[in-house]
Amino acid sequence: MNMKDKFKNFFYLDEYEEEPVQEERKQRPVQRYEKPAAAVEAQAKVQKTSKPVKERREKVEEPTVQNIVNLQNSAASSSKVSLAEPRVYAEAQDIAESLKNKQAVVVNLQRIERDQALRIIDFLSGTVYALGGDIQRIGTDIFLCVPDTVEVDGAISDYYHDDQQ
Numbered sequence: 246m247n248m249k250d251k252f253k254n255f256f257y258l259d260e261y262e263e264e265p266v267q268e269e270r271k272q273r274p275v276q277r278y279e280k281p282a283a284a285v286e287a288q289a290k291v292q293k294t295s296k297p298v299k300e301r302r303e304k305v306e307e308p309t310v311q312n313i314v315n316l317q318n319s320a321a322s323s324s325k326v327s328l329a330e331p332r333v334y335a336e337a338q339d340i341a342e343s344l345k346n347k348q349a350v351v352v353n354l355q356r357i358e359r360d361q362a363l364r365i366i367d368f369l370s371g372t373v374y375a376l377g378g379d380i381q382r383i384g385t386d387i388f389l390c391v392p393d394t395v396e397v398d399g400a401i402s403d404y405y406h407d408d409q410q
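If you count the sequence shown from 1, you need to add 245 to reach my numbering.
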């Protein structure tokens, strides 16, 4: 039996065939799928007991769910601002943890060497970028780092007064 014959038998196409039937097919009976008696009875039972779709829709009641969220508690917990004055580069991880916990952090780098301060700012810039937050300079060696839950509005100009004239 070739593939074409198998395909025709599977989809019962041999009944509608206009070509003459081969001798091989005349001798063997065509096997057809019949539903088991239990499945036929179960389907009949469901059809007898089920109500029309329109009636079922009318009787369905919408559940009343109230979504009430207390905004005061959630706003108070997320509005915490931490102050950090790192003395060594290793303290940058603590600042990053605060940012991961959705806290804004003001970082004062006035008491650390310049090369260490640059490394800390690079580390915090990467952390803030990964969290989708923002970092801004708010003073001489003072930076504000915020996560994505905090929005910073406005900017501080870069004007520095020079007393050595």
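Just so it is clear, CB atoms sit at the ideal spot from N, CA and C, and this is done for glycine as well.
In the DSSP assignment, Asp393 falls outside any beta strand (DSSP E) and carries neither an H nor an E. Around the beta carbon of Gly384, fewer than 16 other beta carbons sit within 10 angstroms, so the residue counts as exposed.
Scanning its chain for C-beta atoms nearer than 6 Å, with the 5 sequence neighbours on each side dropped, one finds around Asp379 the residues Val391 and Val397, in chain order.
Sequence-distant partners of Ile401 (beyond 5 residues in either direction) whose C-beta falls short of 8 Å from its own C-beta, in its chain, are Gln381, Arg382, Ile383 and Gly384.
With contacts defined by Cβ atoms closer than 8 Å, Arg332 and Arg356 form a contacting pair.
With fewer than 16 other CB atoms across the displayed protein chains lying within 10 angstroms of its CB, Ala335 is exposed.
DSSP places Val373 in the helix class (H, G or I) of the three-state scheme. For Gln381, the enclosing beta strand (DSSP E) starts and ends at Asp379 to Gly384.
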